[in-house]
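Numbering (the UniProt record's numbering), first residue to last: 1 to 539. So the structure is just underneath, and the comments pick up after that.
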């Protein structure tokens, strides 16, 4: 089963056995995309043939060297030297030292630094978005949009830096004040997945920073260049403000570093984005030390279209939600429930829409559909299609690997499966949409909720009563509950996250900032008496 990430498992990135630049053949080095004229823009981000993947105020790295590849052609882009355990130990110490300085800075002043980070990202938005497209494989407009999301959350965090705090509560005792005090947790570890290598770090980083925390980031090994490029932008802002660079530290790495972060008591909060399978391991390791975790895990998301729905909204919504990012979003629509009266028409319209999808190099501006991230993802796609056939499904569109370089597969529609088929309840990180007929509201609401994950969901209807039943206690059990829009495309102003096996964590907007802080209830006696709560007399 293809999952969101293998951050604590075997590296998906193809590893180099070479240990230093001297024993790397010149011919191989010249084949790196970064050395080709059309990719010279990579150097605008401070990238080179071999990049140091550790930052804690200075750049370094004594771990293994990996090569990252372009999913559109499987050609090597550049190399990154990852963190060793010694690098990790040094970085944690420096990050905690940096936190002591950062936490003393007033929140609005911290917000000003985050504003500058947003401005610095805005200046590099096109070139950084192009790197996301090149290394992750998503289309250019999505790559740029992902950087924009980081910029937006920086803007949001600036305002939030003047509003975070707790209430002054009425005390039952005269001459007493009851205050809710919020303080930063300390060091926030952030482990992100390949599919949103900029935005998810941004959600965590911007909010954690204005709350007064230092951050230690470990991105996916297969998107290490993005991690390095983003950190270089942030490091320059911190340097310009004469602040310790370790406030925003980086340790590129795989299973060893991820496990160390999960088990490290010095990690006051660990935010993990990835698969449910790995997230469960992370949660257990963190809980074993009574630590705090913020989990953003898998999603097996559904769209429901009722007989009164506007099909001019349903079809493009299902198309975007199922095919966007080549089906590699955690909010991707994997199940489409259609009322029996509209099933055949919607499927036919979808097939026509799928046939018009423009496929190509993801960095070409007119392309809407790019490759899967790795060859392993292609294998998982093929395995899921075969399993769907074995369980009684019919592939009515797609189902094959495209005959072209890179990791391209056909966007796929499968009909005829039971709603509770094993493959349907398995989150496959690929553009496969399972389509079903339903008869009534009670039936389809139950089908929406029967999977283990609870991230995103959407219905299409004009019935106001149904809409509010969908939003209510017997409706969708997901963290994102939409009406007449796709399952994908959440705004930063709301809290993002899901229920059940999705992990229960919340990031981004609303009151998600509370995840990055600890709360104290403080009672202050400013009188000359000592009354006890609940009227207790102790004399």
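Cβ coordinates follow ideal geometry from the N, Cα and C atoms, glycine included.
The beta strand (DSSP E) enclosing residue i, as first and last residue numbers
{"i": "residue 181", "result": "176-184"}
{"i": "residue 248", "result": "248-251"}
{"i": "residue 482", "result": "480-483"}
{"i": "residue 216", "result": "214-218"}
Extent of the continuous alpha helix (DSSP H) to which residue i belongs
{"i": "residue 517", "result": "It is not in any alpha helix (DSSP H) - residue 517 instead sits in the beta strand (DSSP E) that spans 517-525."}
{"i": "residue 202", "result": "199-210"}
{"i": "residue 187", "result": "From DSSP, residue 187 is part of no alpha helix (DSSP H) but of the beta strand (DSSP E) over 187-191."}
{"i": "residue 535", "result": "Run containing residue 535: none; DSSP gives neither H nor E here."}
{"i": "residue 234", "result": "224-240"}
{"i": "residue 261", "result": "255-263"}
{"i": "residue 155", "result": "140-160"}
{"i": "residue 291", "result": "First-last for residue 291: undefined, no H or E at that position."}
{"i": "residue 476", "result": "Where residue 476 is concerned, there is no enclosing alpha helix (DSSP H), given that its DSSP letter is neither H nor E."}
{"i": "residue 577", "result": "Any question about residue 577 goes unanswered here, given that the chain covers just 1 to 539."}
Per DSSP, cross-strand counterpart(s) of residue i
{"i": "residue 50", "result": "79"}
{"i": "residue 273", "result": "296"}
{"i": "residue 453", "result": "500"}
{"i": "residue 301", "result": "333"}
{"i": "residue 458", "result": "303, 482"}
{"i": "residue 470", "result": "The partner list for residue 470 (beta bridge, DSSP) is empty, contrary to what the question assumes."}
{"i": "residue 495", "result": "508"}
{"i": "residue 435", "result": "336, 415"}
{"i": "residue 169", "result": "178"}
{"i": "residue 55", "result": "59, 250"}
Check whether residue i and residue j have beta carbons under 9 Å apart
{"i": "residue 401", "j": "residue 387", "result": "no"}
{"i": "residue 270", "j": "residue 262", "result": "yes"}
{"i": "residue 154", "j": "residue 513", "result": "no"}
{"i": "residue 51", "j": "residue 517", "result": "no"}
{"i": "residue 99", "j": "residue 186", "result": "yes"}
{"i": "residue 66", "j": "residue 80", "result": "yes"}
{"i": "residue 103", "j": "residue 150", "result": "no"}
{"i": "residue 195", "j": "residue 407", "result": "no"}
{"i": "residue 509", "j": "residue 535", "result": "no"}
{"i": "residue 294", "j": "residue 204", "result": "yes"}
{"i": "residue 207", "j": "residue 258", "result": "no"}
{"i": "residue 389", "j": "residue 395", "result": "yes"}
{"i": "residue 458", "j": "residue 300", "result": "no"}
{"i": "residue 499", "j": "residue 469", "result": "no"}
{"i": "residue 297", "j": "residue 501", "result": "yes"}
{"i": "residue 415", "j": "residue 385", "result": "no"}
{"i": "residue 54", "j": "residue 60", "result": "yes"}
{"i": "residue 342", "j": "residue 313", "result": "no"}
{"i": "residue 393", "j": "residue 423", "result": "yes"}
{"i": "residue 77", "j": "residue 128", "result": "no"}
{"i": "residue 355", "j": "residue 433", "result": "no"}
{"i": "residue 209", "j": "residue 246", "result": "no"}
{"i": "residue 276", "j": "residue 427", "result": "yes"}
{"i": "residue 460", "j": "residue 481", "result": "no"}
{"i": "residue 531", "j": "residue 197", "result": "no"}
Neighbour flag for residue i against chain B, beta carbons, 9 Å
{"i": "residue 366", "result": "In summary, chain B is missing from the structure at hand, where a single protein chain is found."}
Cβ-heavy atom distance, residue i to the ligand MN, below 8 Å
{"i": "residue 487", "result": "The ligand MN is not among the ligands present in this structure, which contains no ligands whatsoever."}
Kindly provide the ranges of any alpha helix (DSSP H) runs that are 4 or more residues long and lie completely inside the segment 61-109, ordered along the chain.
85-102
| query | Given 8 Å as the limit, is there contact between the segment 251-259 and the segment 158-167, that is, 3 or more CB pairs closer than that? | reply | By the C-beta criterion, the segment 251-259 is judged not to be in contact with the segment 158-167, since fewer than 3 inter-stretch pairs fall below 8 Å.
TODO: Taking 8 Å as the threshold, find out whether the segment 276-283 comes into contact with the segment 109-120 through three or more Cβ pairs.
DONE: By the Cβ criterion, the segment 276-283 is not in contact with the segment 109-120, since fewer than three pairs of Cβ atoms, one from each stretch, lie closer than 8 Å.
_For a minimum of 3 consecutive residues, which ranges assigned as the beta strand (DSSP E) are wholly contained in the segment 303-358?_
333-339
Is the segment 465-480 in contact with the segment 438-455, if contact means three or more CB pairs nearer than 8 Å? yes
What residue ranges within the segment 360-431 form continuous alpha helix (DSSP H) runs of no fewer than 4 residues, ordered along the chain? The DSSP assignment places complete alpha helix (DSSP H) segments of no fewer than 4 residues inside the segment 360-431 at 375-390, in order along the chain.
Can we say the segment 219-230 touches the segment 124-139, given the rule of at least three CB pairs closer than 8 Å?
-> yes
Original post:
Is it true that the segment 118-129 meets the segment 167-179, where meeting means three or more beta-carbon pairs spaced less than 8 Å apart?
Top reply: no
With contact counted as at least three CB pairs below 8 Å, one residue from each stretch, are the segment 482-494 and the segment 324-332 in contact?
-> yes
Discussion item. Three Cβ pairs or more, each shorter than 8 Å: is that satisfied between the segment 301-314 and the segment 335-351?
Written reply: yes
>> Would the segment 348-360 count as touching the segment 319-326 if we require 3 or more Cβ pairs under 8 Å?
In response: yes
Taking contact to mean at least 3 C-beta pairs separated by less than 8 Å, is the segment 367-380 in contact with the segment 77-97?
no
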